[in-house]
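If you're matching positions, the sequence shown starts at 6 in my numbering and goes up one per residue.
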Amino acid sequence: MKKWFPSVFPALLTIIVMTGVFIFSQTTNLSLYHLGIYPFSAKGLLGILLAPFIHENANHLYSNIIPFFVLTVLLFYFYKDIAFEILGFSWIMTGVLVWFGARPAYHIGASGVVYALMAFHVLSGMVRKNPHLLSISLLIVFLYGGMIWGIFPDFIPGRAISWESHLAGLITGCILAIYYRRQGPQRPLYSWELEPDEEEDDEENPPQNNKPDNTEKEANQAEEIMIKYIYKKNNDDEEETHH
């Protein structure tokens with residue numbers, strides 16, 4: 006449990022704030038929707054930061070905080086070195102895309118951030134080819150794969166759902182997964198990948214003949230050899246023979 010606590014704390018703290026804001030709005034009958042994102046409007050810029058904390062009703066809150074908690078805990082556990090960056094950019098980039106491209110209405114809720122985290126986990130596990138991260142990707146697809154239909158407005162006709170936030174989050178998560186693919190956990194290298202390739206080494210460094218070259222030495226020795234012929238006169242040669 007101690008190993009998971011650093012990962013649980015940021016997620017738990019965030020959903021406590023979300024829940025606290027919702028309880029405050031319900032008990033005071035104070036509508037906070039005007040603090041959401043309103044595209045192409047100066048009054049809607051503040052919503053880039055505040056919109057994920059604001060929810061319309063209990064069902065809206067519940068449907069967001071559960072996946073947000075799960076995805077954020079996994080983020081801080083497996084990507085602890087870059088977790089704050091991923092969460093922060095998921096929050097801000099999703100809001101900016103909604104502000105630039107959504108319908109002229111107030112957009113509230115944390116669903117955009119949830120989609121960003123979901124997309125990041127799924128794509129990051131694939132591009133990194135890390136077995137542990139890939140298993141997390143498959144788990145998230147199994148748990149939340151049905152959320153993909155939330156980016157298509159035709160599947161939610163007549164419902165006040167910000168499919169633009171879902172789409173913006175999906176795009177944001179994919180961008181972050183690709184951009185941060187070289188940071189954080191990587192694919193482990195296996196033993197055979199660490200051993201040098203002998204064939205390649207042979208091609209690059211052909212074997213050298215270490216046998217000493219005696220050719221030059223033998224040639225030098227040949228030059229030093231002196232052949233001496235000694236002629237000794239035979240006594241028989243002194244006598245002349247007549248027949």
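Don't be surprised by glycine CBs; every beta carbon is placed ideally from N, CA and C.
The structure displayed is predicted, hence computed values, not measured ones.
Let me know the secondary structure DSSP gives residue i once reduced to three states.
i    : result
H112 : strand
I97  : helix
W9   : coil
A107 : coil
Q31  : helix
I166 : coil
L15  : Checking the sequence, you will find Pro at residue 15 rather than Leu. Correct three-state label for P15: helix.
S36  : coil
F157 : coil
P190 : coil
Y185 : coil
H126 : helix
Under the assumption that residue i contacts residue j (Cβ atoms under 8 Å), give the Cβ distance between them as a whole number of angstroms.
i    : j    : result
A107 : S167 : 7 Å
L145 : L175 : In the sequence as presented, Leu is not what sits at residue 145; that position holds Ile. Incorrect: roughly 13 Å between the Cβ atoms, too far for contact.
Y82  : W9   : 7 Å
P57  : G130 : Between G130 and P57 the Cβ distance is about 24 Å, and since that is not below 8 Å, they are no contact.
G52  : G117 : Incorrect: roughly 11 Å between the Cβ atoms, too far for contact.
P44  : F105 : 7 Å
V22  : I59  : Contact flag wrong, Cβ pair sits at about 11 Å.
H183 : V132 : Checking the displayed sequence, the identity of residue 183 turns out to be Ile instead of His. Yes, I183 and V132 are in contact; Cβ-Cβ is about 7 Å, under 8 Å.
G49  : M123 : Contact doesn't hold; Cβ gap of about 25 Å is too wide.
Give every residue of the same chain whose Cβ lies closer than 6 Å to the Cβ of residue i, excluding the five residues on either side of it in the sequence, and list them in chain order.
i    : result
N135 : P190 and R192
D242 : Confidence in D242 is poor, its pLDDT being 49 and thus under 50, which makes the residue's placement unreliable; the coordinate value appears in the next sentence. Answer for D242: no residue qualifies.
Y111 : Y38, G41 and Y43
A173 : T99, L102, V103 and G117
W96  : V118
Is it the case that the CB of residue i approaches a heavy atom of the ligand ADP more closely than 7 Å?
i    : result
G174 : This structure lacks the ligand ADP, and indeed carries no ligand of any kind.
Using a C-beta cutoff of 8 Å, does residue i count as contacting chain C?
i   : result
G93 : Within the model displayed, chain C is absent; a lone protein chain is all it includes.
Excluding the 5 residues preceding and the 5 following residue i in the sequence, name in chain order all residues of the same chain whose CB lies nearer than 8 Å to its CB.
i    : result
L17  : F74
L35  : F29
P158 : W168
H65  : G114
I180 : M98
Please go through the same chain and pick out, in chain order, the residues whose beta-carbon is closer than 7 Å to the beta-carbon of residue i, but skip the five residues on each side of it.
i    : result
V13  : V78
I20  : I70, F73 and F74
H171 : S116, G117, Y120, G155 and I156
I87  : Y185, Q188 and G189
L138 : F83, S129, G130 and P190
P15  : T77 and F81
Y149 : P72 and M123
For this session: Please determine if the stretch 72–87 and the stretch 31–44 are in contact, where contact requires at least 3 C-beta pairs separated by less than 8 Å.
Result: no
Problem set entry | Complete runs of the alpha helix (DSSP H) confined to the stretch 38–88 [at least 4 residues] | 52–55 and 63–83
For this session: Indicate whether the contact test is met: 3 or more Cβ pairs, each with one atom in the stretch 89–108 and one in the stretch 136–143, closer than 8 Å.
Result: no
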